[in-house]
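First residue of the first sequence? That's 705 in my numbering, and the numbers climb one at a time after it.
One structure is given here, and the rest of the page talks about it.
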Amino acid sequence: MTEDLLSKTFSPSEIEPKWYGFWLKNGYFSGGEHKTGREYSIVIPPPNVTGSLHMGHALNNTLQDILVRYHRMNGFNTLWMPGMDHAGIATQNVVERQLAQEGLSRNDLGRENFVERVWEWKEHSGGVIINQLKRLGCSCDWDRQRFTMDKGLSQAVREVFVRLYEEGLIYKGDYIVNWCPRCHTALSDLEVEHHETQGSLWHIKYQIEDSDEFLVVATTRPETMLGDTAVAVNPSDPRYSSFVGKQAILPIVGRKLKIIADPIVAMDFGTGALKVTPSHDLTDFELSVKHDLARITIMDADAKINEQGIHFHGMDRYACREQIVAELQEKGFLEKVTPYTVGLGKCYRCKEVVEPLISKQWFVRVEPLAKEALAAVQQGKTRIIPDHWVKTYYEWMNNIRDWCISRQIWWGHRIPAWTCQECGEIAVSSTTPLRCPKCDGINLKRETDVLDTWFSSALWPFSTMGWPEKTPLLETFYPTSCLVTGFDILFFWVARMMMMGIKFMGDVPFKDVYIHALVRDEHGKKMSKSLGNVIDPLMVMDKYGTDAFRFTLAALAAQGRDIRLSENRIEGYRNFVNKLWNSARFTLPHCRKINAGAGLSDFSDFSLPERWLISRLNKTIETVKNAIESYSFNDAAQALYEFCWHEFCDWGLEISKIPLADKDPNVSSRSAAVLIHTLDALLRLLHPFIPFVTEEIASKLTPGVEPIIKGPYPVPDKSLIDERAEDDMRFLMALITSIRNLRAEMNVAPSRSLPVVVACASTGQIDLIRNNLPMVLNLGRISGIDIYELTGGSTPPSNSVTAVVSGARVYIPLSGIIDPEAEIERLNKELQKIKAEYESVEKKLRNNDFISKAKPEAIQKQQNRKTELSTKLSGLQDALEKTLAIKNS
RNA sequence: GGGCGGGUAGCUCAGCGGGAGAGCAUCGGCCUUACAAGCCGAGGGUCACAGGUUCAAAUCCUGUUCCGCCUACCA
705 MTEDLLSKTF SPSEIEPKWY GFWLKNGYFS GGEHKTGREY SIVIPPPNVT
755 GSLHMGHALN NTLQDILVRY HRMNGFNTLW MPGMDHAGIA TQNVVERQLA
805 QEGLSRNDLG RENFVERVWE WKEHSGGVII NQLKRLGCSC DWDRQRFTMD
855 KGLSQAVREV FVRLYEEGLI YKGDYIVNWC PRCHTALSDL EVEHHETQGS
905 LWHIKYQIED SDEFLVVATT RPETMLGDTA VAVNPSDPRY SSFVGKQAIL
955 PIVGRKLKII ADPIVAMDFG TGALKVTPSH DLTDFELSVK HDLARITIMD
1005 ADAKINEQGI HFHGMDRYAC REQIVAELQE KGFLEKVTPY TVGLGKCYRC
1055 KEVVEPLISK QWFVRVEPLA KEALAAVQQG KTRIIPDHWV KTYYEWMNNI
1105 RDWCISRQIW WGHRIPAWTC QECGEIAVSS TTPLRCPKCD GINLKRETDV
1155 LDTWFSSALW PFSTMGWPEK TPLLETFYPT SCLVTGFDIL FFWVARMMMM
1205 GIKFMGDVPF KDVYIHALVR DEHGKKMSKS LGNVIDPLMV MDKYGTDAFR
1255 FTLAALAAQG RDIRLSENRI EGYRNFVNKL WNSARFTLPH CRKINAGAGL
1305 SDFSDFSLPE RWLISRLNKT IETVKNAIES YSFNDAAQAL YEFCWHEFCD
1355 WGLEISKIPL ADKDPNVSSR SAAVLIHTLD ALLRLLHPFI PFVTEEIASK
1405 LTPGVEPIIK GPYPVPDKSL IDERAEDDMR FLMALITSIR NLRAEMNVAP
1455 SRSLPVVVAC ASTGQIDLIR NNLPMVLNLG RISGIDIYEL TGGSTPPSNS
1505 VTAVVSGARV YIPLSGIIDP EAEIERLNKE LQKIKAEYES VEKKLRNNDF
1555 ISKAKPEAIQ KQQNRKTELS TKLSGLQDAL EKTLAIKNS
């Protein structure tokens, strides 16, 4: 056989690149462009061009690859569309940092040169993650790889923008937005992270005009008082009702502020009086709309106080706060300061504290789009799995706010809008307009803002397939079958793809959305409980192999739970891969026993263990199929682990050693055929999870046959499920286990072969043992077995240890070896356990309510248990009495 | 403030109405010619707490408590 399979341990690094290259070269990853009626497609959640593989990616893409390989093997025309997004802010930050090292800013370069520079960066350093995904074994259709800044995708972005604008679903307006003073751009609500921070609540006295009375307001941001234009109280607050309509005087500044009443003001918070700063607070902005209040902006784009800020002009917002508090104090306007925890909004990219600021921005009016996206899920056009996310999705869709899509950066899709310098008309067009559509002027100035990266990501499921062209690819693969993603981008991405897909394709972008857990790690977040250390997927793959890593992720991917990855676990699955490898080392040499291509159907009269193994295999196939199709990756992995190790290897292979050595070629080749059939099926079942090692083994097992990546995937055959064989094997296995158990308990070395006596409860048991004698002898490591029927009147051997299995009594004569004292103790312990169990069953069956109300199957089960336990009990009792007699003799 | 998820063996986690499970760790015995990354055995849990529903609850309901996450205009 093949020499390279002789190595005792599996070496992943030698075969992984070989097979990946082979698959790639032969084009197995590409989807066909003509519809077959059995299509399966997935679009990858595009990683950032700046990104590198972390555990989240590894999990996400492993699961996708499992689905894709599974369906491909099942004969589906399969497409896994890969690509990256341009990550506007993140990428710009990376390149700006580079420039800073050269002592340059982006403004030194100018827009065009800067963008050029970003492209250069992208070509040389961007997208390292793509090779890492290949390393992970991802079977993406790489020839179709897309990038959100591609020509085609950019065209799609323009087209969508123009159409939404023409329908009035995109508008430009002055509005308060989240402004990052460091990135110098607006952020959408979703891009702001809230962190609890210790702050203070300053109570400031605002004097009522023409009186000695004061209205005390409480604020966490005293510096914003420079922009106050009103004070608000709750209309039903008796403390302040007399003030409503009057004027308050803004301390230090001296401006007169209208005192208004609005129910939004919480009476029980702070003093119940709210200072209103429309230009620097979202709620206040909304109040200003409602009550027609003036808006005074007091900060610039750097969050420094502007010329509206009297003598604070030019100060940083925090310096200003200190100064203003000091001045209030000094002048007697500060009533008190109390400690207070505030939820500070920070930029998700750079963690700078976000400043609410009024500016001209572009927005998508999402409500009409959201309605459709909501309905699609309600109507079941798209399923969200696990379904508890449905509620979250509804919640968000129902409370959705307009989406700020303009960003004041240079890297991204520049908004296709031009303002006429003559008449002020705004022209929005997918092609560059030469003249103003209104006044025909030629002096048009293009919008400088670019679009939120998520705007282009929202189009991903169809823009990657060639939209707005009507391509065969779209025709074949849209809507996609499934989207696999983490819940952290449910709103950012999934919801928006739903809206855009329905709007522009007239159909949902995916039939299923599978939302997986998060792997704890990343920004120092605890991953292992003890240390806050991050496990690098690449390190894991180097150390344990890609297959072991993938299998670990799949095995841990239980629905609705976060994954906490431990290296121990990976090591365990590395051992599993090795176990599989070694089972192949055992099986392979037997290939030559059977004719090439011989299958199970070429044999008949299978032995009991053979029928058992095939039956178990088919049940496993069924389990795995159901598990994968319901996204229960962990169940599939577990079933495969269990079958492979504890049934195929522990029993199947061990038992086969006897028939394989049989002189009768019929017997040995039949046994070999069963093993090879099982191993082949197992490799195919496992291939989506551990593609490399399975392909390697399969190539040796059935050389010349098509690589297993092409399938077929095993299908369960109900006719091969043999319950009788499983029952019979269960008895024999229990018998063997009990023999092993007895000898271990008695500390008998495995090398010492012993005789055994079995008193069977039925002739059926006798036959079973007789017919499978070599197996029992071999696996039980016994020299001989004396079998008779329990009711036959034979006396059991004296001086023996005893166990009871399905009514059969197993004796191992150990004269001179056993210590009656120890055996009595052992039997007593066992008796205790069984007795307790028996009593609980007995109690249940004595309960009339149980008998009358429980399901018949449940009652039957308990009755079976009772008889089982009672025979075991009496067997043990007998043994105990005998041993006691020996002791006393 | 609202919502969601979780507290099961020493550790990491499955199970989610009818006999408490896995991997790792621990203990004992084995170089049994595929595998010591292995083989054969063993020990270990009032399933967070308190009530309730049910013939039956780790599993369903209610409350308490402790963690984690998401969300929100209480300044």
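Positions of the beta carbon are idealized from the N, C-alpha and C atoms, including for glycine.
Alpha-carbon to alpha-carbon, residue j and residue i
{"i": "histidine 995", "j": "tryptophan 1114", "result": "37 Å"}
{"i": "valine 1480", "j": "leucine 1436", "result": "7 Å"}
{"i": "glutamate 1427", "j": "glutamate 1543", "result": "30 Å"}
{"i": "valine 1154", "j": "phenylalanine 1067", "result": "12 Å"}
{"i": "glutamine 1567", "j": "leucine 1078", "result": "52 Å"}
{"i": "glycine 1116", "j": "histidine 1381", "result": "55 Å"}
{"i": "aspartate 1368", "j": "serine 1375", "result": "11 Å"}
{"i": "leucine 1573", "j": "asparagine 1476", "result": "26 Å"}
{"i": "histidine 907", "j": "alanine 952", "result": "15 Å"}
{"i": "cysteine 1186", "j": "phenylalanine 818", "result": "38 Å"}
{"i": "glutamate 1076", "j": "proline 1172", "result": "21 Å"}
{"i": "isoleucine 1412", "j": "arginine 1434", "result": "33 Å"}
{"i": "asparagine 781", "j": "glutamine 1082", "result": "29 Å"}
{"i": "glutamate 1039", "j": "glutamate 1271", "result": "57 Å"}
{"i": "glycine 1595", "j": "arginine 1150", "result": "Outside the shown range of the chain, which is 705 to 1593, sits residue 1595, and nothing can be said about it."}
{"i": "valine 1029", "j": "leucine 813", "result": "41 Å"}
{"i": "methionine 1202", "j": "histidine 828", "result": "34 Å"}
{"i": "serine 1311", "j": "cysteine 1295", "result": "19 Å"}
{"i": "methionine 1243", "j": "lysine 826", "result": "25 Å"}
{"i": "aspartate 1156", "j": "threonine 924", "result": "31 Å"}
Residue i, DSSP secondary structure in three states
{"i": "methionine 1231", "result": "Residue placement at methionine 1231 is poorly supported in this model, since its pLDDT is 44, which falls under 50; the coordinates still yield a value, given next. Residue state, collapsed to three classes: coil."}
{"i": "asparagine 1552", "result": "helix"}
{"i": "cysteine 1353", "result": "helix"}
{"i": "proline 1043", "result": "strand"}
{"i": "tyrosine 910", "result": "strand"}
{"i": "asparagine 1445", "result": "helix"}
{"i": "histidine 775", "result": "helix"}
{"i": "glutamine 902", "result": "strand"}
{"i": "aspartate 1144", "result": "coil"}
{"i": "methionine 1169", "result": "coil"}
{"i": "lysine 712", "result": "coil"}
{"i": "proline 1416", "result": "coil"}
{"i": "methionine 759", "result": "helix"}
{"i": "asparagine 1103", "result": "coil"}
{"i": "isoleucine 1119", "result": "coil"}
Same chain, Cβ closer than 6 Å to residue i, five either side skipped, listed in chain order
{"i": "glutamate 1314", "result": "Val1378"}
{"i": "phenylalanine 918", "result": "Lys909, Gln911"}
{"i": "tyrosine 744", "result": "His775, Phe780, Thr782, Ser1185"}
Beta-carbon proximity list for residue i, same chain, < 8 Å, skipping 5 on both sides
{"i": "threonine 706", "result": "Any answer about threonine 706 is weak, because its pLDDT of 43 lies below 50 and its placement is not dependable; what the coordinates show is given next. So the qualifying residues of the chain are Leu1292, Lys1404."}
{"i": "cysteine 1348", "result": "Phe1280, Lys1283, Leu1284, Ser1287, Leu1386, Leu1390"}
{"i": "lysine 695", "result": "In this structure the chain extends from 705 to 1593, so residue 695 is not present and cannot be described."}
Close-in-space but distant-in-sequence residues of the same chain around residue i (CB under 7 Å, 5 per side omitted)
{"i": "serine 1442", "result": "Ala1507, Val1509, Val1514"}
{"i": "serine 1232", "result": "Here serine 1232 scores only 36 on pLDDT, less than 50, and its place in the model is too uncertain to base an answer on."}
{"i": "leucine 1353", "result": "In the sequence on display, residue 1353 carries cysteine and not leucine. So the qualifying residues of the chain are Lys1283, Ser1287."}
Residue i versus the options, residue with shortest Cα-Cα distance
{"i": "proline 1392", "options": "Trp1316, Gly1415, Ser1373", "result": "Gly1415"}
{"i": "asparagine 1322", "options": "Pro1241, Pro1420, Leu1269", "result": "Pro1420"}
{"i": "aspartate 854", "options": "Asp1246, Met1169, Glu1493, Val1545", "result": "Met1169"}
{"i": "tryptophan 883", "options": "Pro1120, Tyr869, His984, Gly1249", "result": "His984"}
{"i": "glutamate 1034", "options": "Lys1283, Pro955, Tyr1044, Lys739", "result": "Pro955"}
{"i": "glycine 1047", "options": "Ala965, Val896, Cys1143, Lys1064", "result": "Val896"}
Contact test: residue i Cβ vs the ligand GDP heavy atom, cutoff 7 Å
{"i": "isoleucine 1362", "result": "No copy of the ligand GDP occurs in the structure displayed, which carries no ligand at all."}
Which parts of the stretch 1006-1089 are runs of the beta strand (DSSP E), unbroken and 3 residues or longer, counting only runs that do not cross its ends?
As far as the stretch 1006-1089 is concerned, its whole beta strand (DSSP E) runs of at least 3 residues are 1038-1051, 1059-1068, 1087-1089.
Enumerated in chain order, which unbroken segments of the beta strand (DSSP E) with a length of 3 residues or greater are wholly contained in the stretch 1175-1252?
1184-1190, 1214-1220
Contained beta strand (DSSP E) runs [length at least 3] in the stretch 933-991, N- to C-terminal order
Correct list: 934-937, 951-953, 960-965, 977-980.
Residue ranges of each beta strand (DSSP E) run of no fewer than 3 residues wholly in the stretch 711-753, ordered along the chain?
743-747
In the stretch 1467-1549, which residue ranges form an unbroken beta strand (DSSP E) of at least 3 residues, counting only runs that do not cross its ends?
1486-1493, 1504-1509, 1512-1517
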